[in-house]
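Written out below as structure tokens is the structure these notes cover.
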Ligand SMILES: Nc1ncnc2c1ncn2[C@@H]1O[C@H](COP(=O)(O)OP(=O)(O)O)[C@@H](O)[C@H]1O
Ligand SMILES: [Mg+2]
């Protein structure tokens with residue numbers, strides 16, 4: 054994604070907050086006008102003081118002017134007092150005595166105090182409103198990111214590492230937040246510069262043009278630095294993502310790492326990345342620290358030129374001392390926001406690198422949903438008694454986005470209540486085949502039908518409603534045991550949940566836990582044994598009461614005793630449901646209605662235990678081996 058693209062997209066997001074931003078802009082305008090007021094008070098007071106100093110009050114009163122918006126300098130002589138704003142010719146004071154002159158000073162102080170107050174209030178509002186916009190935007194982005202991640206098809210998610218995705222949601226959003234946090238100052242700066250430029254142009258065209266000559270080099274400099282900072286930031290963000298990926302992987306697999314005594318290696322890998330990140334960050338720091346002084350030097354060059362020319366005009370009698378000082382302060386006031394913009398550019402470039410990473414996720418397409426309800430075409434079927442759950446594959450082929458064909462021309466038919474066992478060496482495509490049924494994965498060829506309906510047409514709701522999955526890696530969530538069993542079944546009562554755990558052989562051990570069903574499950578079940586987790590997962594599947602059950606090596610990492618318990622509960626679950634079961638232990642599939650032997654993505658043998666034994670093929674061989682063990 055190119056730079057202008059993520060920039061414009063970012064602006065597009067700001068569009069919904071137009072009102073708040075306009076309000077903040079208005080506040081900035083008030084502040085800028087207040088600032089101009091200061092300049093006027095300063096310049097006019099100096100000129101007035103000069104007149105008062107030399108004036109002889111005994112002879113005649115003195116007239117002084119404030120807030121006259123006339124042009125100054127080269128274009129006009131001091132005497133022409135013509136306001137550029139029609140109907141407003143400033144304020145005029147007639148001073149007859151020295152005492153009255155002192156009173157004027159009081160008035161001036163009151164103005165200054167008033168301006169400070171107004172400026173303070175509007176600066177607060179400006180800052181508050183922009184921060185408000187920032188927070189709203191961050192919340193919205195986080196929510197959208199999470200939504201996109203969760204709704205994305207598995208195929209898309211598989212292309213990213215978990216830690217990387219996580220880091221986009223946290224680190225990158227935070228980096229964007231930093232940029233948004235400083236936008237108040239930028240809004241102010243963006244208002245200041247044009248306001249001051251216009252006022253200065255009106256006041257003295259030639260001096261202003263001279264001052265503006267420094268803008269092109271400034272712009273070039275800010276832009277060049279910005280590009281380099283952005284390039285570096287992109288790499289830094291990527292490394293932050295790498296780091297969080299590594300932390301996630303190592304902490305998840307900490308037992309393995311320790312068993313291999315691989316801690317030093319992992320620590321080395323981590324420090325290598327942090328070291329590299331340090332180097333890049335230093336490079337970015339050098340760039341960021343160099344820019345402000347460079348901007349300063351160029352601005353001072355501009356100011357000095359105007360200073361010199363202004364001095365000459367004062368000596369020449371064409372510019373008053375007061376307005377000479379006033380003009381110089383206006384220029385300084387204009388260069389200060391220019392510096393702010395330059396500095397913001399640094400933060401902005403860093404955060405645009407993050408914005409690119411965020412927009413990548415926001416561009417995820419959602420899982421494609423169908424429009425037909427499962428069983429909608431045969432309303433006569435009564436769900437409770439109807440025999441449904443027939444699964445048919447017709448010449449299905451599948452490949453992952455990255456790789457070669459993983460499943461080739463698979464055809465099979467599993468009728469209601471049947472158990473289909475899938476066996477084959479690891480990598481033969483068993484898991485992929487099972488994952489096609491809930492449409493986690495989509496075949497590129499062929500058709501999968503459930504009760505005669507193409508699953509590609511079905512709504513994901515109605516399809517997945519009828520499918521329960523128990524995998525080797527049991528997934529439990531933070532929450533109580535009861536909440537975990539009831540996950541995805543908000544309508545289930547506690548009694549039903551307990552009935553499901555009884556059937557899953559889980560009730561007894563749950564009761565023995567400190568708080569029974571209210572016991573908290575931490576960090577996907579670290580406080581439970583493998584068999585216990587598995588039986589909770591089975592209770593969860595039972596409570597769902599699906600028509601189709603998918604068991605992917607549900608018992609393969611259990612010890613014998615838990616396996617026996619889990620087997621017993623699975624047998625209950627499988628009765629009356631169409632079941633696809635993947636198991637390494639042949640003993641668990643002897644009773645299956647069909648056994649499919651997969652090899653390199655193809656079904657190479659099919660039949661029942663007895664027919665396959667008679668055939669004396671691969672299954673028979675493996676069975677003999679299994680018995681021999
Ligand atoms: N997310 C994935 N992306 C790319 N290839 C994958 C992915 N998951 C599995 N594969 C590949 O697909 C093939 C079948 O894998 P799988 O279905 O998990 O086999 P099994 O469950 O029989 O061990 C393997 O060659 C594996 O490398
Ligand atoms: Mg597998």
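Numbering (our numbering), first residue to last: 54 to 682. Glycine included, every Cβ here is placed at the ideal spot set by N, Cα and C. All figures in this text were calculated on a predicted structure; none of them were measured in a lab.
Can you tell me whether residue i is buried or exposed? The criterion is at least 16 other CB atoms within 10 Å of its CB, across all chains shown.
| i | result |
| --- | --- |
| residue 256 | buried |
| residue 262 | exposed |
| residue 614 | exposed |
| residue 695 | Missing from the structure shown is residue 695; the chain here goes from 54 to 682 and no further. |
| residue 365 | exposed |
| residue 674 | exposed |
| residue 335 | exposed |
| residue 368 | exposed |
| residue 134 | Residue confidence for residue 134 is low, a pLDDT of 48 falling below 50, so the modelled location carries little weight and cannot support an answer. |
| residue 568 | exposed |
| residue 348 | buried |
| residue 558 | buried |
| residue 683 | The chain is shown only over 54 to 682; residue 683 falls outside these bounds and no answer can be derived. |
| residue 665 | buried |
| residue 454 | exposed |
| residue 401 | buried |
| residue 101 | buried |
Under the assumption that residue i contacts residue j (Cβ atoms under 8 Å), give the Cβ distance between them as a whole number of angstroms.
| i | j | result |
| --- | --- | --- |
| residue 688 | residue 476 | The structure shown does not extend to residue 688, since the chain is modelled only from 54 through 682, so no value can be given for it. |
| residue 316 | residue 310 | 6 Å |
| residue 383 | residue 253 | 6 Å |
| residue 390 | residue 242 | 3 Å |
| residue 654 | residue 612 | The Cβ separation is near 32 Å, so there is no contact. |
| residue 446 | residue 499 | 7 Å |
| residue 574 | residue 532 | 6 Å |
| residue 168 | residue 234 | Actually they do not touch by this definition, with Cβ atoms about 27 Å apart. |
| residue 469 | residue 442 | 5 Å |
Pull up the distance between the alpha-carbon of residue i and that of residue j, whole angstroms please.
| i | j | result |
| --- | --- | --- |
| residue 85 | residue 413 | 39 Å |
| residue 247 | residue 290 | 35 Å |
| residue 564 | residue 579 | 18 Å |
| residue 295 | residue 479 | 29 Å |
| residue 450 | residue 524 | 23 Å |
| residue 513 | residue 488 | 14 Å |
| residue 63 | residue 78 | 18 Å |
| residue 69 | residue 337 | 33 Å |
| residue 228 | residue 75 | 24 Å |
| residue 54 | residue 285 | Note that residue 54 has pLDDT 46, beneath the 50 cutoff, so the model's placement of it is unreliable and no number is given. |
| residue 406 | residue 282 | 9 Å |
| residue 107 | residue 115 | 11 Å |
| residue 552 | residue 645 | 26 Å |
| residue 371 | residue 259 | 13 Å |
| residue 550 | residue 619 | 17 Å |
| residue 177 | residue 427 | 58 Å |
| residue 322 | residue 408 | 27 Å |
| residue 643 | residue 670 | 16 Å |
| residue 596 | residue 202 | 27 Å |
| residue 152 | residue 93 | 23 Å |
| residue 419 | residue 210 | 11 Å |
| residue 213 | residue 586 | 28 Å |
| residue 538 | residue 561 | 15 Å |
| residue 144 | residue 122 | 11 Å |
| residue 215 | residue 299 | 10 Å |
| residue 161 | residue 386 | 21 Å |
| residue 67 | residue 240 | 13 Å |
| residue 350 | residue 411 | 37 Å |
| residue 356 | residue 302 | 57 Å |
| residue 220 | residue 171 | 43 Å |
| residue 600 | residue 631 | 6 Å |
| residue 82 | residue 278 | 29 Å |
Which residues share a DSSP beta bridge with residue i?
| i | result |
| --- | --- |
| residue 419 | Its beta-bridge partners do not exist; DSSP assigns none. |
| residue 451 | 460 |
| residue 466 | 445 |
| residue 524 | 605 |
| residue 532 | 574 |
Let me see if you follow: with CB-CB separation under 8 Å, is residue i close to chain C or not?
| i | result |
| --- | --- |
| residue 157 | Any reference to chain C falls outside this structure, which holds one protein chain only. |
Discussion item. Extract the residue ranges of the alpha helix (DSSP H) inside the stretch 140-183, only unbroken runs of 4 or more that lie entirely within it.
Written reply: none
Worksheet item: Which residue spans inside the stretch 607-661 form an unbroken beta strand (DSSP E) run of at least 3?
Response: 631-635, 647-652 and 655-660
Worksheet item: Which parts of the stretch 234-313 are runs of the alpha helix (DSSP H), unbroken and 4 residues or longer, counting only runs that do not cross its ends?
Response: Along the length of the stretch 234-313, whole alpha helix (DSSP H) runs at least 4 residues long occupy 236-256, 258-265, 268-305 and 307-312, reported in chain order.
Item to complete: Give, in chain order, every unbroken run of the alpha helix (DSSP H) that is at least 4 residues long and sits entirely within the stretch 182-241.
Response: 207-211, 215-220 and 226-234
Worksheet item: Which whole runs of the alpha helix (DSSP H) in the stretch 352-436 are 4 residues long or more, in chain order?
Response: 374-415
Practice prompt. Taking only runs that begin and end inside the stretch 475-561, name each unbroken alpha helix (DSSP H) of 4 or more residues, in chain order.
Written response: 483-489, 513-518, 534-538 and 547-556
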